[in-house]
Structures are given as structure tokens and as C-alpha cells.
Amino acid sequence: MLAYCADYAKANSFQETLKRCCGHVVHTVCAITLAMFTFGVCVTYLVVIGDMWDKVFEFAISDPEVRQSWFLDRRFIITLTSLALILPISFPKRIAFLRYPSPDSWSDIFYVLPAICFGYQCHINSVPVYAELRGRPNLRLYGLVAGLGIGVTFIIYFGVGTFGYLSFGSHCSADILVNYPPTLHVIVGLAMLAVNIYSSYPIYEFCGRSAISTVLIQYCGWSAEKWSSIERRFRYISTVVWYTVSLLLALFVPNIGPLIGLMGSLAAFFVFSYPGLALLSVMLQVKPEKVNVRHKALMAVSIFYILLGVFFFGLTFSQAVVQIIRTV
1 MLAYCADYAK ANSFQETLKR CCGHVVHTVC AITLAMFTFG VCVTYLVVIG DMWDKVFEFA
61 ISDPEVRQSW FLDRRFIITL TSLALILPIS FPKRIAFLRY PSPDSWSDIF YVLPAICFGY
121 QCHINSVPVY AELRGRPNLR LYGLVAGLGI GVTFIIYFGV GTFGYLSFGS HCSADILVNY
181 PPTLHVIVGL AMLAVNIYSS YPIYEFCGRS AISTVLIQYC GWSAEKWSSI ERRFRYISTV
241 VWYTVSLLLA LFVPNIGPLI GLMGSLAAFF VFSYPGLALL SVMLQVKPEK VNVRHKALMA
301 VSIFYILLGV FFFGLTFSQA VVQIIRTV
């Protein structure tokens, strides 16, 4: 769907596709949603960092009293390591330097939607990938590439979910790493994950910062010269504010379950609603005398996708809010 709309609009990115197909208003809403989503991902990463270091200290230090020391407190460690490893690489203008258990009823299936939307949400990157394929337009080749990528991801996620359920059953935590004992194998896995998380935070911050700058430039009416003169100041100030607020939230969030719920609700827009809006806009631009059964079918599919995204957003967002209220 996105590839078809990108070909129609001759666009090379997700945001550009929405802008050319749906106009400035939808493009702005998408940018705001993207900023909120990437910010939530950054908070989630910081919480996972705290969980990882808890396991490392549990493995390396056998004395419980020593682990209770202030300098080993998860809040202090999250702050210290993120200041040293994340904040310094979040300032650059470009990122080229970074080469559950079985449900009791059918309705319980909806509780896994946030994790699915959060984990499988790759729609923002799909259009740039399609733009780089040879012989564009080539929807068949893109379908093969996307299918293989999603298939590999599904196998990995399915394996993790299956082994997690078989190992811990109903006691499986939102962050599955917390459930495993602090053995050498687990610590090695945590080290590999840490490299990914510490390097991924700046990428998501960069995407969120770019989305915010897009909205500011559009609605403040800044020229290219004006933006060039204030871009450096904006970049440093926005990065510090972004990091500080995400850190403060991460320090007081007990687990990533509610965060995944909130991010999954936002991701539902990228997975369903925005592609549906783009396709609907393309279909509405077809001249009435040229409308056939195929166009009507695509229009029905696009409306279904839009409504499905709104439904999933409302459902998963309300679930996340209820979960947050229960944990407070």
C-alpha cells in the first residue's frame, strides 16, 4: 500500500508520501505523532538499561547489602551511563557516524496488540527501502524483500515469545530479561543488547528532533537562511530537553509494560491509519469517469485500514492508561 502510494507521489520517504498524497495537515499530524512515538521509545530504552544493569550487578556482586549502595542504585546508573554514552552522541546534525500466556477468552488477544504494533512497526522505514530498490517501480520485488524481512522478524519474535512462555508461564515479565537468572550466558546477551540500545537512542532522538523541526519550519514560516542561523542552537537545546525529560520519566517508571502499550497505540496509526489515508487520497484523485471496481475495492480497503488504526489506538491506549493507574 505504501509502495503504491510512494510510486504515485514519486516520494522517497514515509513523510514525503503523506505530504504529497494527503497534504500539509496530515503531514504535520504525522510529524507530531512520530515525535511522540520516538520519545516514548527513548524512555523505554532507558528503562531497559536500568533492568540490564540490575542483572549485571546481581551477577557480579553476591552481597545484597553492597547492591543496595547508592552508587549501584538503578536511577544513578541510568543517569550516569546515559550521560556518558548517550547524550554526547545525540548532538550531531546527522547520524551517518552510526554506521504472554494463553488467553482465557478471545478478547484477551487484544492485550498483545500494543507489543505487536510496537515491535513490527517498520512502516516509516519501508518507503526509503523501496526507494533504494533497483528497477522502481517494482512492487513484486519489494513484496519479496518486505516479506522476507517480516518473516525473519516473526520467527525471532515467535521464538522469544514461545521460550519465554515455556520458561516462565504466567509469571513472565514485560521485560523478559528480568526473568532470567544472572548467569554468564545472560550477561553476554545483555552486553550485546546494551550495544544496540545505547546506539539506538540517538537515532530515535534524531528522528523525533527532525519531526519537531519540520513542524516548526512549516508553521513559523522560517526561510532556509533563518533556519540555518538557528539550527545549531535548536539542535543543542532540543537534545538536552529531550534527554532530560525522557530520563526523568524513565527514573520513575517501574517497568516497560505501560510504555509499550502507549507506544503501541501510537504505532497503530503508522501501521494502519496513515497508509490507509494515503491510499484513500490517491483513490479520491482518480477522475470519476475512470473509477472502476478495482478503485472502489481499494477505497474500501483504505477506509477499513483507517478505522482499524483508530480502533486499535483507542483500545490499546485505554488499556495502557488503566495499567498505569493500577501501578500508581
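Under full-length UniProt numbering, the residue at position 324 of the sequence shown is numbered 324, and the numbers go up by one with no gaps. Glycine included, C-beta positions come from ideal geometry on N, C-alpha and C. Just so we're clear, the structure is a prediction, and the values are computed from it rather than from any experiment.
Helix, strand or coil for residue i per DSSP?
i: D73; result: coil
i: V178; result: helix
i: F91; result: coil
i: D7; result: helix
i: M263; result: helix
i: W53; result: helix
i: L2; result: helix
i: G208; result: helix
i: V291; result: coil
i: S223; result: coil
i: N12; result: coil
i: V286; result: coil
i: T183; result: coil
i: I86; result: coil
i: V271; result: helix
i: S200; result: helix
i: F252; result: coil
i: C172; result: coil
i: G257; result: helix
i: S167; result: helix
i: Q68; result: coil
i: S62; result: coil
i: R326; result: helix
i: G23; result: coil
Would you grab the beta carbon distance between residue i and residue j for me? Rounded to a whole angstrom, and I think it's under 8 Å.
i: L72; j: F57; result: 5 Å
i: L277; j: V66; result: About 55 Å; that fails the 8 Å criterion.
i: R235; j: F91; result: 7 Å
i: S246; j: F39; result: 6 Å
i: L193; j: M52; result: 7 Å
i: W242; j: E205; result: 6 Å
Less than 7 Å between C-beta atoms, sequence neighbours within five positions excluded: which residues of the same chain meet that for residue i?
i: V286; result: H295
i: G119; result: The pLDDT assigned to G119 is 45, lower than 50, so where the model puts this residue is not dependable, and the model offers no usable value.
i: F37; result: M263, L266 and A267
i: W227; result: I217
i: Q323; result: G257, P258 and G261
i: Y198; result: L85 and I86
i: residue 329; result: Beyond the ends of the chain as shown, which are 1 and 328, falls residue 329; an answer cannot be given.
i: F110; result: Because the pLDDT of F110 is 47, which lies under 50, any placement of that residue in the model is unreliable, and the question is left without a value.
i: D54; result: R74
i: T79; result: L247
i: P64; result: none
Taking 8 Å as the limit between beta carbons, can you name the residues of its chain near residue i, skipping five residues before and five after?
i: L113; result: Only weak support exists for where L113 lies, its pLDDT of 47 falling under 50; the coordinates are left without a value.
i: V29; result: none
i: L98; result: Reliability of the predicted coordinates at L98 is poor, the pLDDT of 48 falling under 50, and the value obtained from them is presented with this limitation in mind. Closer than 8 Å at the Cβ level, and outside the excluded window around L98, lie I89, S199, P202 and I203.
i: N179; result: G164, S167, F168, H171, C172 and S173
i: I61; result: R67 and L72
i: T244; result: none
Whose C-beta lies closer than 6 Å to the C-beta of residue i among residues of the same chain, with five residues either side of it excluded?
i: Y201; result: C42, Y45 and I86
i: F272; result: Y305, L308 and G309
i: S302; result: G276, L279 and L280
i: A31; result: A211, T214 and V215
i: A11; result: T17 and R20
i: T239; result: S90 and F91
i: G50; result: R74 and I78
contact_flag[the stretch 41-50, the stretch 235-255] where n(CB pairs < 8 Å) is 3 or more: Between the stretch 41-50 and the stretch 235-255 there are three or more inter-stretch CB-CB distances shorter than 8 Å, so the stretches are counted as touching.
Three or more beta-carbon pairs under 8 Å between the stretch 14-33 and the stretch 273-293, yes or no? Touching, yes, given that three or more Cβ pairs across the two stretches are closer than 8 Å.
Counting pairs of beta carbons, one from the stretch 177-195 and one from the stretch 210-218, are three or more of them closer than 8 Å? The stretch 177-195 vs the stretch 210-218: no contact.
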